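The block underneath contains the structure these notes are about, expressed in C-alpha coordinates.
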Amino acid sequence: METNQVQSPIEEGQQSVNHAAYYQKPPQKKRWWILIVIIVCIALIVTGVVLVVSQDKEETKNIISDKNQDPSATLTVDPFPEDKDRDGLSATQEAELGTSDFEFDTDGDGLKDGEEVSVTKTDPLNPDTDGDGFGDGREVRKGFDPLSK
3 METNQVQSPI EEGQQSVNHA AYYQKPPQKK RWWILIVIIV CIALIVTGVV LVVSQDKEET
63 KNIISDKNQD PSATLTVDPF PEDKDRDGLS ATQEAELGTS DFEFDTDGDG LKDGEEVSVT
123 KTDPLNPDTD GDGFGDGREV RKGFDPLSK
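Residues in the sequence shown are numbered from 3 upward in steps of one, following the numbering used here.
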(Lines of atoms letter the chains of each structure in order from A and count residues from 1; the text may use other names and numbers.)
(Lines give C-alpha, C1' and ligand atoms only; values in the text may rest on other atoms or scores of the structure.)
Protein backbone atom coordinates (compact mmCIF):
# COMPACT_ATOMS: atom_id res chain seq x y z
CA MET A 1 0.00 0.00 0.00
CA GLU A 2 1.38 3.35 -1.00
CA THR A 3 1.07 6.26 1.44
CA ASN A 4 1.50 9.91 0.58
CA GLN A 5 2.32 12.41 3.29
CA VAL A 6 0.71 15.81 3.08
CA GLN A 7 2.15 18.70 5.10
CA SER A 8 -0.07 21.60 6.12
CA PRO A 9 1.49 25.04 6.06
CA ILE A 10 2.16 26.35 9.57
CA GLU A 11 0.87 29.71 10.45
CA GLU A 12 2.01 31.80 13.36
CA GLY A 13 0.69 30.51 16.70
CA GLN A 14 -0.16 27.07 15.41
CA GLN A 15 1.47 23.83 16.07
CA SER A 16 2.84 21.67 13.36
CA VAL A 17 0.33 19.04 12.33
CA ASN A 18 1.26 16.12 10.18
CA HIS A 19 -1.73 15.02 8.13
CA ALA A 20 -1.24 11.66 6.65
CA ALA A 21 -3.50 11.11 3.69
CA TYR A 22 -3.77 7.55 2.60
CA TYR A 23 -4.21 7.09 -1.10
CA GLN A 24 -4.61 3.66 -2.58
CA LYS A 25 -4.33 2.90 -6.24
CA PRO A 26 -6.86 0.36 -7.37
CA PRO A 27 -5.20 -2.98 -7.70
CA GLN A 28 -4.33 -3.99 -11.23
CA LYS A 29 -5.81 -7.47 -10.72
CA LYS A 30 -9.25 -6.07 -9.91
CA ARG A 31 -9.36 -4.07 -13.14
CA TRP A 32 -8.40 -7.13 -15.14
CA TRP A 33 -11.16 -9.23 -13.55
CA ILE A 34 -13.77 -6.61 -14.34
CA LEU A 35 -12.56 -6.45 -17.94
CA ILE A 36 -12.61 -10.25 -18.25
CA VAL A 37 -16.16 -10.48 -16.83
CA ILE A 38 -17.40 -7.84 -19.30
CA ILE A 39 -15.78 -9.66 -22.24
CA VAL A 40 -17.27 -13.01 -21.16
CA CYS A 41 -20.76 -11.45 -20.84
CA ILE A 42 -20.51 -9.93 -24.31
CA ALA A 43 -19.32 -13.26 -25.73
CA LEU A 44 -22.27 -15.09 -24.13
CA ILE A 45 -24.77 -12.59 -25.52
CA VAL A 46 -23.30 -12.80 -29.02
CA THR A 47 -23.30 -16.62 -28.86
CA GLY A 48 -26.96 -16.65 -27.78
CA VAL A 49 -27.99 -14.36 -30.62
CA VAL A 50 -26.10 -16.46 -33.16
CA LEU A 51 -27.74 -19.67 -31.90
CA VAL A 52 -31.25 -18.19 -32.05
CA VAL A 53 -30.76 -16.82 -35.56
CA SER A 54 -29.26 -20.06 -36.89
CA GLN A 55 -32.07 -22.11 -35.34
CA ASP A 56 -34.70 -19.87 -36.98
CA LYS A 57 -32.97 -20.36 -40.33
CA GLU A 58 -32.96 -24.14 -39.82
CA GLU A 59 -36.70 -24.15 -39.03
CA THR A 60 -37.37 -22.03 -42.11
CA LYS A 61 -35.37 -24.48 -44.26
CA ASN A 62 -37.42 -27.38 -42.87
CA ILE A 63 -40.69 -25.61 -43.63
CA ILE A 64 -39.58 -24.75 -47.14
CA SER A 65 -38.34 -28.28 -47.82
CA ASP A 66 -41.64 -29.71 -46.52
CA LYS A 67 -43.53 -27.54 -49.01
CA ASN A 68 -41.33 -28.71 -51.87
CA GLN A 69 -42.13 -32.37 -51.37
CA ASP A 70 -44.07 -34.39 -53.92
CA PRO A 71 -47.76 -33.35 -53.67
CA SER A 72 -48.88 -36.89 -54.46
CA ALA A 73 -47.41 -37.94 -51.11
CA THR A 74 -49.84 -35.62 -49.29
CA LEU A 75 -53.03 -37.36 -48.29
CA THR A 76 -56.12 -35.17 -48.24
CA VAL A 77 -59.21 -36.85 -46.89
CA ASP A 78 -62.66 -35.43 -47.59
CA PRO A 79 -64.88 -36.50 -44.68
CA PHE A 80 -67.96 -36.25 -46.95
CA PRO A 81 -66.82 -37.46 -50.38
CA GLU A 82 -70.36 -38.14 -51.60
CA ASP A 83 -71.98 -35.07 -49.99
CA LYS A 84 -70.80 -31.94 -51.79
CA ASP A 85 -73.19 -29.55 -50.03
CA ARG A 86 -72.76 -31.14 -46.58
CA ASP A 87 -76.49 -31.49 -45.99
CA GLY A 88 -76.37 -35.11 -44.85
CA LEU A 89 -77.45 -36.68 -48.15
CA SER A 90 -75.09 -38.40 -50.55
CA ALA A 91 -75.04 -37.49 -54.24
CA THR A 92 -76.99 -40.68 -54.97
CA GLN A 93 -79.70 -39.81 -52.41
CA GLU A 94 -79.88 -36.25 -53.75
CA ALA A 95 -80.43 -37.61 -57.28
CA GLU A 96 -83.15 -40.04 -56.09
CA LEU A 97 -85.00 -37.32 -54.16
CA GLY A 98 -84.50 -34.59 -56.76
CA THR A 99 -82.77 -32.23 -54.31
CA SER A 100 -79.80 -30.05 -55.16
CA ASP A 101 -76.35 -31.48 -54.56
CA PHE A 102 -74.97 -27.93 -54.36
CA GLU A 103 -77.41 -26.35 -51.85
CA PHE A 104 -77.72 -27.79 -48.35
CA ASP A 105 -81.35 -26.53 -48.10
CA THR A 106 -83.01 -27.05 -51.49
CA ASP A 107 -86.45 -25.66 -50.50
CA GLY A 108 -85.05 -22.77 -48.42
CA ASP A 109 -87.07 -23.50 -45.27
CA GLY A 110 -84.07 -23.37 -42.91
CA LEU A 111 -83.66 -27.13 -42.50
CA LYS A 112 -80.88 -29.10 -44.20
CA ASP A 113 -82.13 -31.60 -46.77
CA GLY A 114 -80.67 -34.53 -44.82
CA GLU A 115 -82.32 -33.27 -41.63
CA GLU A 116 -85.72 -33.10 -43.39
CA VAL A 117 -85.38 -36.64 -44.74
CA SER A 118 -84.01 -38.42 -41.67
CA VAL A 119 -85.06 -36.33 -38.62
CA THR A 120 -88.23 -34.30 -39.21
CA LYS A 121 -89.56 -36.50 -42.06
CA THR A 122 -90.60 -33.40 -44.00
CA ASP A 123 -90.37 -32.87 -47.78
CA PRO A 124 -86.98 -31.36 -48.70
CA LEU A 125 -88.55 -29.92 -51.90
CA ASN A 126 -91.50 -28.21 -50.14
CA PRO A 127 -90.80 -25.39 -47.65
CA ASP A 128 -94.21 -25.98 -45.95
CA THR A 129 -94.85 -29.72 -45.92
CA ASP A 130 -98.18 -29.56 -44.05
CA GLY A 131 -99.42 -26.50 -46.01
CA ASP A 132 -100.41 -24.48 -42.94
CA GLY A 133 -98.62 -21.32 -44.07
CA PHE A 134 -95.68 -21.72 -41.70
CA GLY A 135 -92.34 -22.96 -43.06
CA ASP A 136 -91.00 -26.31 -41.83
CA GLY A 137 -87.87 -24.72 -40.35
CA ARG A 138 -89.87 -22.09 -38.46
CA GLU A 139 -92.24 -24.72 -37.03
CA VAL A 140 -89.32 -26.88 -35.86
CA ARG A 141 -87.57 -23.89 -34.22
CA LYS A 142 -90.79 -22.87 -32.42
CA GLY A 143 -91.45 -26.43 -31.22
CA PHE A 144 -94.42 -27.20 -33.50
CA ASP A 145 -94.93 -30.32 -35.63
CA PRO A 146 -94.20 -29.45 -39.27
CA LEU A 147 -96.29 -32.43 -40.43
CA SER A 148 -99.65 -31.41 -38.87
CA LYS A 149 -101.80 -28.33 -39.56
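Think of the CB as a built atom: it goes at the ideal place given N, C-alpha and C, for glycine as much as any other residue.
Since the structure is predicted, the reported quantities are computational estimates derived from the model, not experimental observations.
Span of the alpha helix (DSSP H) around residue i
i	result
L149	L149 -> no alpha helix (DSSP H), and no H or E assigned at all.
T94	93-99
Nearest residue (CA-CA) to residue i, options the options
i	options	result
E141	T94, G112, K32	G112
D132	S120, E118, P148	P148
Straight-line Cα distance separating residue j from residue i
i	j	result
W35	I44	14 Å
K31	I38	11 Å
E117	D138	11 Å
E105	E96	10 Å
E98	K144	30 Å
V48	T78	44 Å
L53	I40	20 Å
S120	V55	58 Å
F136	F146	10 Å
L91	G50	58 Å
Cβ pair residue i, residue j closer than 9 Å
i	j	result
D109	D125	yes
D107	D134	no
D115	D87	yes
Supposed close pair residue i, residue j - CB separation, criterion 8 Å
i	j	result
L127	T101	7 Å
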